[in-house]
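Line order of the protein sequences matches chains A and B.
Per this note's numbering, residue 159 is the first one in the first sequence, and the count goes up by one each step.
Per this note's numbering, residue 159 is the first one in the second sequence, and the count goes up by one each step.
Ideal placement from N, C-alpha and C gives every residue a C-beta, glycine not left out.
2 protein chains.
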Amino acid sequence: MAKYMSMETLRFLLHDVHNVNQLFSTERYADYDKETIDIFLDSIKDFSDKELFPYIKEMDEKPAYWEDGKIIVHPQFETIVKQAGEMGLVGAPFDYDDGGMQMPATVHNAANFIMEAANNHVPGYFGLTAGAAHLLLSYATDEIKATYVPKMLDMKWGGTMCLTEPQAGSSLSDITSTAALQEDGSYHIKGQKIFISSGDYEYVGNIVHLVLARIEGAPAGTKGISLFCVPKRKPEGGDLVNNNVYTAGEFEKLGQRGYCTTHIVFGEDGPSQGWLVGEPNKGLKCMFQMMNEARIGTGRMGMAIASAAYYASLQYAKERPQGRKLTSDGSKNADSPQVNIIEHADVRRMLFLQKAIVEGSISLMTEVSLFYDYTLADVDKERNHLLLELLTPIVKTYPAEKGKQAVDTGLQVLGGYGFCMDFILQQYLRDIRIISIYEGTTGIQSQDLLGRKITMQNGKALQLLAELVQADIKTAMAYEELQGSAKTLGANLGLIQEVLAKLLPHAMKGNYERYLADATIFMDLFGTVVIGWQWLKIAHKAKAALAAGDTTQTKEFYESKVSTMRFFYKYEMKRTKGLAKIIMNDEEVLTIPTETSMLFD
Amino acid sequence: MAKYMSMETLRFLLHDVHNVNQLFSTERYADYDKETIDIFLDSIKDFSDKELFPYIKEMDEKPAYWEDGKIIVHPQFETIVKQAGEMGLVGAPFDYDDGGMQMPATVHNAANFIMEAANNHVPGYFGLTAGAAHLLLSYATDEIKATYVPKMLDMKWGGTMCLTEPQAGSSLSDITSTAALQEDGSYHIKGQKIFISSGDYEYVGNIVHLVLARIEGAPAGTKGISLFCVPKRKPEGGDLVNNNVYTAGEFEKLGQRGYCTTHIVFGEDGPSQGWLVGEPNKGLKCMFQMMNEARIGTGRMGMAIASAAYYASLQYAKERPQGRKLTSDGSKNADSPQVNIIEHADVRRMLFLQKAIVEGSISLMTEVSLFYDYTLADVDKERNHLLLELLTPIVKTYPAEKGKQAVDTGLQVLGGYGFCMDFILQQYLRDIRIISIYEGTTGIQSQDLLGRKITMQNGKALQLLAELVQADIKTAMAYEELQGSAKTLGANLGLIQEVLAKLLPHAMKGNYERYLADATIFMDLFGTVVIGWQWLKIAHKAKAALAAGDTTQTKEFYESKVSTMRFFYKYEMKRTKGLAKIIMNDEEVLTIPTETSMLFD
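Pasting the structure below:
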């Protein structure tokens, strides 16, 4: 079987770099230990090898489709959904009290990463079900919880989030779906929702939609949006009856074609009954809980696809003989033997770039998951929550944007074969293209980062992050080989401060258009520095393992982490100054007056 | 009809920025004038509107396929091939003596750009036929020329170039196809060739393959490769008879699915007769003529796809209402009207980036084509030829790599719709992915640039280019608004010199591996500076037109050129210092010893 991810690297990141084991000393996670999670992750790898990876290509070739008001997905989903339920893959991170296993998100995200690297068309079904169940647990009435959540945690019923409408796109203030209060306290929901991932599929008994809509008479904008639980079939006297939730179509997509993306119409042929979740007009706040989880999950999916692409291109590079080493006069000697292309410097650049993006991203996902777990475990709650908030747009966007570049680079390693449908790189390129669009585009994530997260509590989150990074810089200085990179990282922290010092006055003067005009460039800068931080941590632990003669992994394994850190600092960290200069440049190009929009013709 | 390119911009680049009219004062092109070429290009636009653009989506959805030893292409090709023959689209640039119209390459490339922007699945058929015919005219015997060339120029017969073999890929020194000399002076050709663009299709009477093979007993490597003309059907006594050229398959591809890419087997079921073109063992040198033409054509195809994607995303951005302008406290007022997304700064960034890449590339193509034309016209022949040689890898690679980024950005403008098959952006994204692979990957082009072109004649070509750029800097200084950019461009010329001063000693010491290790980064740097030069020229002519009150185009048109130049210098030129620092960094990461290749696992 082809390799799609590295269990060794994942374990090294969890145990050595991020010391997940420390989490198990908290009360919440006291039932876990290193051995339990290693066994669990091995079982996930086994499941992925057997049930997920062998179907990735076929799910692309035989995509989900609409027929007679329902979506038909690949038949392997029957096995997958059943086994996922039995293994408790959806319910695992939930509280014991809610029927879960109280598994750390750090471990659960690692498990999902494995599954998504094996087959990125699958785990979204679980993730949305878990997210919807979590939302119900947080805000719904006890009756709703009891009715829906246990079946969802067992993956007997699926869940979705229904936000987007055709006329509004990402602008949620403009949604027009309506909710009319009924005498029994429930609502009749009416409206159209598009791009609904996991919106309809066989092999589950029901689909539970979490829907944003406006209660009649609600104020305009985001302050008038409420959240509802609207099942496809409503439980009535022990039965499930039609709730007029109609599947109007399936969007045919560039990638992730096995993962359905549906058009759903509520209340067209009769009332779709829904129940309010949380308070009226506060639906958006509730939904953000699920959106934040989905954003981390989306980034994780991006790094997983990039991981699979990396190993596919690596295998090719190791096995494909082509060309020769250059001689000392710059020519190639036809009598010398052909070499495998992994020997060529430019192919190594392409492999290093992929490895740096993939492993740096997994490391960040682990870091961010720990902030989440410590928040739940009530350890340094405010601090961990702020760090989680700050880094959520990064862990979503870095693997989306740079993962896209990684997969593109992987395809390039194969030359002409990369463009052929017989090789899987072209599929990964198509699959990963959605990651920078799902759950808020890169533009939106960047505005969230610069417009909300950097400024919240007067920059408190950024200050906490800077302290963390400074501490890691200090530790890394113990190794001479890491000192240069550690200093570079420190200088980059200063660079970010410098950029903000230049930008923030625009916000203070009320010129938010100008403040946020280069938010996407700032995201690129900030994300690169954050991943540079992760690589310094990784290299530090690798150096420590080498120094201690640790034999958990091979010497080459640890050396490879240090080499990749060196690559990242030589090739990627060199981009930051240019990005900073773009943002600090006073010339206004993007915020020219509106009447000149014809300038683009 | 949707817009896919701008005739106004093309004319402005040809006439104003690059003064193509000056070419008509040479003897070779004396029959041309501004009016003739405007009429010609309008007719090409008309042809493209009617016969090419309406079929672009369908050719993707119903791709070329193999059946019973032949390739079936979309039926519209029957009309297209016939009309192309009648319009003289293949023969136009050939000499009068050879049956052509002696059209400047500058004009012919502009025409092909229009056609490729309309439908990039089509013009490759013409381009390869022209390239093969040109190769025969340059090196074949009079008998071969008389037999094949006239039919090819009329597009009654097609042409191909057959280089790649499964075991050799881009490493042409390893090709193993054989040629056995026969008593009549012809050869029997045996071997397999893959990835043969335009390799087989209906609607032409014959296909003329230009094949690289080894004459029995030839030396190993590139010094033992010869070039042969091997027709699919050989002319015999007025008839065309089977020549045992078997079409073994069609490669199913990610994009350009209407353009066939075939697997061809020579001499398997009987002898495939071929005739030597040029001298024995000098085939590679001959083939390079065609490859250089094909490289320019490939880059042109990339910028054409990016142009079509740009206008598709621009139309969406102008028509799609979503979101609102930010208020002075950074919030959005739900009572204020929605705006079209073109009003958002980040969408403008995405549009500017595309426009800058597309128009900068077209300008470079025009510049390069003029070097070619002046070489043919015997004006400053050596100088123009050297500049052509130096810039060929750039005009191939910049639109390949940055064009890919442009199309990706265009898709992003559409958000979720960009990922849907109903919108064409996803097709352009797939189509353009081949451009950085065709005719030598970016890695190979970069080695050509740094390893051959920069060093040839002791750096003469680069010196000539620097003189040209300096002259344009000097002219641009006349306008105050351009002075900053002009100085930046000058500084970047210096930066390239600095990089080379640091790199060249590696080559002088015989360490070519090290010299070329970062060739791809150098390509990125050099390409960006070259396009920056083009933008300075464009902005200068736009400023001049504004100053003179020129009404050929609207004021907004000229202003848009200046704005896009400002965008390019603010956002793209800021990347060059970082790239230079990567190359000048002494740390060796890519050229680590070979035994550590397991480091990538």
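Given a cut-off of 8 Å, decide if residue j and residue i are closer than it, judged by their beta-carbon atoms.
i: A/ALA291; j: A/GLY432; result: no
i: A/MET273; j: A/PRO262; result: no
i: B/PHE510; j: B/LEU434; result: no
i: A/GLY652; j: B/GLY327; result: no
i: A/ALA535; j: A/THR184; result: yes
i: B/LYS695; j: B/VAL175; result: yes
i: A/MET607; j: A/PHE725; result: A small fix is needed here, since residue 607 of chain A is Leu in this sequence, not Met. No, these two residues do not count as a Cβ contact at 8 Å.
Skipping 5 residues on each side, what residues in its chain have a beta carbon closer than 7 Å to that of residue i?
i: A/ALA470; result: ALA160, GLY568, ILE582, LEU583
i: B/LYS513; result: TYR468, THR722
i: A/LYS303; result: LEU294, LEU295
i: A/SER527; result: ALA263, THR264, ASN267
Quick check on the burial criterion: 16 or more other C-beta atoms within 10 angstroms. Buried or exposed for residue i?
i: B/GLY285; result: buried
i: B/ASN177; result: exposed
i: A/GLN605; result: buried
i: B/GLU730; result: buried
i: B/PHE680; result: buried
i: A/VAL366; result: buried
i: A/ASP200; result: exposed
i: B/VAL399; result: exposed
i: A/THR712; result: exposed
i: B/PHE758; result: buried
i: B/ALA464; result: buried
i: A/LYS826; result: This structure leaves residue 826 of chain A out entirely; chain A is present only between 159 and 759.
i: A/PRO221; result: buried
i: B/MET310; result: buried
Taking DSSP as the reference, what is the three-state secondary structure of residue i?
i: A/ALA338; result: strand
i: B/PHE424; result: strand
i: B/ARG415; result: coil
i: A/ILE515; result: helix
i: B/THR405; result: strand
i: B/ASN179; result: helix
i: A/ASP397; result: strand
i: B/SER430; result: strand
i: A/ARG186; result: coil
i: B/VAL537; result: coil
i: A/VAL747; result: coil
i: B/PRO389; result: strand
i: B/LYS667; result: coil
i: A/VAL280; result: coil
Leaving out the 5 sequence neighbours to the left and right, which residues in its chain are closer than 8 Å to residue i when beta-carbon positions are compared?
i: B/ASN402; result: PHE424, GLY425, GLU426, ASP427, GLY428, PRO429, SER430
i: B/PHE211; result: MET159, ALA160, TYR162, ALA276, ASN277
i: B/TYR190; result: LEU181, PHE182, MET261, PRO262, VAL265
i: A/HIS346; result: ALA337, ALA338, GLN340, GLY425, PRO429, SER430, GLN431, GLY432
i: B/PRO377; result: ASN439
i: A/ARG482; result: LYS490, ASN491, ALA492, SER494, PRO495, GLN496, VAL497
Please go through the same chain and pick out, in chain order, the residues whose beta-carbon is closer than 6 Å to the beta-carbon of residue i, but skip the five residues on each side of it.
i: A/SER335; result: GLY349, ALA371
i: B/ALA288; result: VAL248
i: B/THR485; result: ASN491
i: A/GLY648; result: ILE631
i: B/ASP218; result: ARG415, GLN585
i: B/ILE373; result: ALA337, SER384, PRO438
List, from N- to C-terminal side, the alpha helix (DSSP H) runs of 4 residues or more that fit wholly inside the region 557–634 of chain A.
583–590, 600–605, 618–634
Jot down the residue ranges of each uninterrupted beta strand (DSSP E) in the region 314–385 of chain B, minimum 3 residues, whole runs only, in chain order.
315–320, 336–339, 345–355, 364–373
Which full runs of the alpha helix (DSSP H) of 4+ residues lie inside the region 695–740 of chain B, going along the chain?
713–725
In chain order, what are the residue ranges of uninterrupted alpha helix (DSSP H) at least 4 long that sit wholly in the region 202–248 of chain A?
214–219, 234–245
In chain order, each alpha helix (DSSP H) run of at least 4 residues that lies wholly inside the region 447–512 of chain A:
none
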